[in-house]
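Residue numbers (UniProt numbering), protein chains in the order written: chain A, 1 to 337; chain B, 1 to 337. One structure is given below, encoded as structure tokens.
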DNA sequence: TCGCAAATTGACAGCGCTGTCATTTCTGTC
DNA sequence: GACAGAAATGACAGCGCTGTCAATTTGCGA
């Protein structure tokens, strides 16, 4: 039937407990024994039963990926993150359960409790905006479940992964400055999203660095969607002194800007430079291709999961690692007219 | 500590086995006993341990959602489907594991085996193109794992959910016909995808019904991406007799068509009617909003999961259910010029 | 070479549930 | 009211692993 730990033990001539020790990478096993056991496991194609391990010990080898399924317009992002998480899980023989949470109401409490009690989830990986949802964090803390955050707003005392979005935004705007642009507008993302704040901060910082004045009329509120990009752009075009470049806080809005430009007969990048943020697939599908910042979502998911696993294996407290951004300079930006 | 089945048994004055029977909805329990036990479970807030259930019995209460992460341009789709699947799982106290598969190489075999052996996955839910990937189906069959398919190409002998895409496409094109269009072009999706075939078939059927000739020059190959839509549209615009309406096999390509129309100075819908398929978020973000067909992905995920669960509970063989499509008539289509 | 602490290893119970099969409690029938 | 057969319940072992603690082996200084 199934190869059990006991079978491996018998084949190796050691006790089941020793095989168990090898399996769990405990240190108190002589190297020679360890090798023998590992060899046997390999040759017998032994696969431990998660159910038995979970029942006997306390470990489940399960992590949960929590995300907000209430309003996620950019779910490509989630898919990529999830992919990275799964990658990391794979490498450490963990399994992942996907768990969408509705932030409204008490639903999330019920679900988190279920994960913890029923499945003995060992840890949690979260994406914004869950990363900064106090009631959830509180509950996780009560359960003593370690969690790893992707792009959390509050970066102290949490583990996970983030990108220096402010620096990235600054670099992007500096690029526009170097191209000779002086009237650079910014379309902000959904208020209160960390991403919106950082990108805006980077925009301001770049202006300051370049010695350009910060002009509030060049800053328009958007909400990360294509449609809001169109509206914001129309607003900017109506200004007496139109901007020569627009930095939209994400690619979708940038696409909206390009759409609106087209509508108004403006040629991008000849009459108007446009840049976005995220480097979604859309960025290269537009014409001209969009200058933007690549946010390595997949990689970030993977790193967040890896940090969590460091903690779960007791190898430390885990860090908030920072991934590098990469400017994607493409044809939607060029010298100021 | 934890409330166990035994505790419930003691509280109710029955044997643990009887409680187990109630838990598993076995029929041979007297109704009065059942009620007592259920009441006790409820009041004691009893939560069965999946690990123990998995170890003792053969059930794991786990299903896997398999998808291709190799090339999924439209991952919004996957996210929605997954959401629906989770919904159904929730209702039946199942849990779901997400499992991306790479179709190249043998990776998928290793992963499927791992799911089956390690986790005792009870069933599988698949999205295209996995639904028709013979080696995978073969392996699942060998393992005796039931699977539910979403929009499979081969519809015989499988359970799951599908939409009558051909009818939907036909209805969409008939709508164009009714608006007076006579030169209606079609941009095809990736060859060999079931979706491409059905939509094309619906297009042809509509033409036939309307008594319009099928003209191969009005059919251009695309590949479901925005970019391919742009290219295909340019090709169509170069024709001596330009089409007055273009039916793109999905929304992304339709967006590309609108882009290309803009580029060429054609006003949609005044000069050109455009329609897509899927009703992705993009459809309402474009301007003018896109006429398309709503494919209820979330609902389909849910239904596929429910069908699977019918099978798992031994309530039947499961069906291939069909969900209704819904035309979304919006502003991108209007009377022929 | 002997003794002792440290390093390894093993014995055994039990995690919380379900399968199997035995036992008890109902039915309806004559 | 007794009895067969069905319906309902229970006893018990064991799923595959790990925690606890005891037993053994090893290494090293005296």
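Note that the Cβ used here is the ideal one computed from N, Cα and C, for glycine as well. Please read these numbers as outputs of a predicted model, since none were measured by experiment.
Fully contained in the segment 268 to 320 of chain A are the following alpha helix (DSSP H) runs of length 4 or more, in chain order: 281 to 285, 297 to 312. For the C-beta of residue 262 of chain A, the chain B residues within less than 7 Å are, from N- to C-terminus, 262. Assigned with DSSP and collapsed to three states, residue 328 of chain A falls in strand.
At the C-beta level, residue 309 of chain B and residue 96 of chain A stay beyond 8 Å of one another. The C-beta distance from residue 312 of chain B to residue 146 of chain B rounds to 7 Å, short enough to fall under 8 Å.
Secondary structure at residue 322 of chain B: strand, using DSSP grouped into helix, strand and coil.
With a threshold of 16 other beta carbon atoms within 10 Å, residue 302 of chain B meets it and is buried. Annotation for residue 221 of chain B: the continuous beta strand (DSSP E) segment containing it runs 219 to 221. When secondary structure is reduced to three states using DSSP, residue 143 of chain A falls in the helix class. Exposed is the label assigned to residue 192 of chain B, since fewer than 16 other Cβ atoms lie within 10 Å of its Cβ. When the alpha-carbon of residue 164 of chain B is set against those of B/333, B/330, B/329, B/325, the nearest one is in B/325.
Distance from the Cα of residue 321 of chain A is smallest, within the candidate group A/299, A/123, A/130, for A/299.
With the criterion set as a beta carbon lying under 8 Å from some beta carbon of chain B, the members of the segment 115 to 146 of chain A are 117, 118, 119, 120, in sequence order.
Neighbourhood of residue 230 of chain A in chain B, by CB distance below 7 Å: 287, in chain order. Identification of chain B residues near residue 167 of chain A by a Cβ-Cβ cut-off of 9 Å yields none; the smallest Cβ-Cβ distance measures about 28 Å.
According to the DSSP assignment, residue 172 of chain B belongs to the alpha helix (DSSP H) that extends over 165 to 178.
Of all residues in the segment 233 to 266 of chain A, only 259, 262 place a beta-carbon less than 7 Å from a beta-carbon of chain B. Residue 214 of chain B is classed as exposed because its beta carbon has fewer than 16 other beta carbons within 10 Å across all chains shown. Contact annotation: in the segment 40 to 53 of chain A, residues whose CB is within less than 9 Å of a CB in chain B are 47, 48, 49, 50, 51, 52, 53. In the three-state reduction of the DSSP assignment, residue 230 of chain B falls in the helix class, which pools H, G and I. Secondary structure at residue 46 of chain B: coil, using DSSP grouped into helix, strand and coil.
Contact between residue 202 of chain B and residue 169 of chain B holds: CB atoms are separated by about 3 Å, below the 8 Å threshold.
In this structure, the straight-line span from the alpha carbon of residue 128 of chain B to that of residue 67 of chain B is close to 7 Å. Contact annotation: the segment 76 to 93 of chain A does not touch the segment 6 to 13 of chain B, with fewer than three C-beta pairs closer than 8 Å. Taking a C-beta cut-off of 7 Å against chain A, the contacting residues of the segment 83 to 101 of chain B are 83, 86, 95, 96, 97, 98, 100, listed in chain order. DSSP places residue 14 of chain B in the coil class of the three-state scheme, outside both helix and strand. One finds 285 in chain A with Cβ atoms closer than 7 Å to the Cβ of residue 227 of chain B, taken in chain order.
Taking a contact as a CB-CB distance under 8 Å, the pair residue 140 of chain B and residue 112 of chain B counts as one, their CB atoms being some 7 Å apart. Chain A places no beta carbon closer than 8 Å to that of residue 23 of chain B, leaving this residue out of the contacts.
Listed along chain B, no residue sits closer than 9 Å to residue 66 of chain A by beta-carbon distance, the nearest being about 12 Å off.
Nearest C-alpha to residue 241 of chain B among B/228, B/218, B/77: B/218. Measuring C-alpha to C-alpha distances from residue 62 of chain A to each of A/268, A/38, A/125 identifies A/125 as the nearest.
A Cβ-Cβ contact shorter than 8 Å links residue 184 of chain B with residue 176 of chain B.
The beta carbon of residue 327 of chain A lies closer than 7 Å to those of 171, 172, 175, 293 in the same chain, with the five residues before and after it left out. The beta carbon of residue 279 of chain A is closer than 6 Å to those of 292, 294, 328 in its chain, skipping five residues each way along the sequence. Its chain contains 273, 333, 334, 335, 336 as the residues whose beta carbon lies nearer than 7 Å to that of residue 179 of chain A, once the 5 sequence neighbours on both sides are disregarded; these appear in chain order.
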